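Asks:
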Amino acid sequence: MPSDVVAVTDRAFARIAPKWWPGNPGGVLVIPRTHVENIYDLSPEDGFAVWDLTQKVAIGIRSSYGCEGTSIRQHNEPAGGQDVWHLHVHVFPRYPGDLLYQRHGDADWADSDLRETFASRLRAALGMPSVLD
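For the sequence shown, numbering that gives the first Met the number 0 assigns the number 0 to the initial residue and increments by one for each residue that follows.
1) Grouping DSSP H, G and I as helix and E and B as strand, with all else coil, what is residue 56?
2) Among residues of its own chain, excluding the 5 on either side of residue 106, which ones have a beta-carbon nearer than 7 Å to its beta-carbon?
3) As a quick exercise: from 97, 92, 37, 68, pick the residue whose alpha carbon is nearest that of residue 78.
4) Would you give the residue range spanned by the beta strand (DSSP E) that residue 70 belongs to?
5) Hey, could you find the ends of the alpha helix (DSSP H) residue 125 is sitting in?
6) May I have the straight-line CA-CA distance separating residue 43 from residue 7, to the nearest angstrom?
7) Please report the residue range of the beta strand (DSSP E) in which residue 28 lies.
8) Rounded to a whole number of angstroms, what is the C-alpha to C-alpha distance between residue 35 and residue 14?
9) Would you tell me roughly how many angstroms separate the C-alpha atoms of residue 123 and residue 86, rounded to the nearest one?
10) How should residue 114 be labelled, buried or exposed, when 16 other C-beta atoms within 10 angstroms of its C-beta is the threshold for buried?
11) Should residue 59 be labelled buried (16 or more other beta-carbon atoms within 10 Å of its own) or exposed?
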């Protein structure tokens, strides 16, 4: 959904994740614009673009969500937990006692209006336009 996009560069983009873990609303996916299945095939140029944007998103999340930290994850191959076959980096807001890594429940689809609330805050923190084309 275009309203989920919070930042775009020539090689990567960031969007509000469609599914959220309990206690961690507003997670973001940072994705290379070129199809790459996993980190093993990522070019140095795309790798730099993804991690540069990941850092900016993490800083934006920390400043605009009121969280106390962030966590970053990226999975490769089934044994590594990969279940989407396009490289992406998860950036999670972190709160004391949020249970992100304890897996007490499953990620749920987030309502589009709620996603837009987080997207608007993050776009403002990143200095991005309110509507991205």
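Just so it is clear, CB atoms sit at the ideal spot from N, CA and C, and this is done for glycine as well. On a predicted model such as this, the values are computed, not experimentally measured, just so you know.
Replies: Per the coordinate set shown:
1) Locating residue 56 in the sequence shown gives position 57, counting from the first residue. Three-state DSSP puts residue 56 in a helix.
2) Numbered from its first residue, the sequence shown carries residue 106 at position 107. Here the set comprises 18, 19, 20.
3) As a working note, residue 78 is residue 79 in the sequence shown. Of 97, 92, 37, 68, the residue nearest in Cα terms is 37.
4) Counting from 1 along the sequence shown, the entry for residue 70 is found at position 71. Run containing residue 70: 68-72, per the beta strand (DSSP E) assignment.
5) Against the sequence shown, residue 125 aligns to sequence position 126. Start and end: 111-125.
6) Looking up residue 43 in the sequence shown gives position 44. Looking up residue 7 in the sequence shown gives position 8. Cα to Cα, the separation comes out at about 18 Å.
7) Residue numbering aside, residue 28 sits at position 29 when the sequence shown is read from its first letter. From DSSP, the beta strand (DSSP E) with residue 28 extends over 27-31.
8) One-based indexing of the sequence shown puts residue 35 at position 36. One-based indexing of the sequence shown puts residue 14 at position 15. When rounded, the distance between both Cα atoms is 17 Å.
9) Translated into positions along the sequence shown, residue 123 becomes position 124. Translated into positions along the sequence shown, residue 86 becomes position 87. Roughly 26 Å between the two C-alpha positions.
10) One-based indexing of the sequence shown puts residue 114 at position 115. Under this definition residue 114 is a buried residue.
11) By one-based count along the sequence shown, residue 59 stands at place 60. Looking at its Cβ environment, which holds 16 or more other Cβ atoms inside 10 Å, residue 59 is buried.
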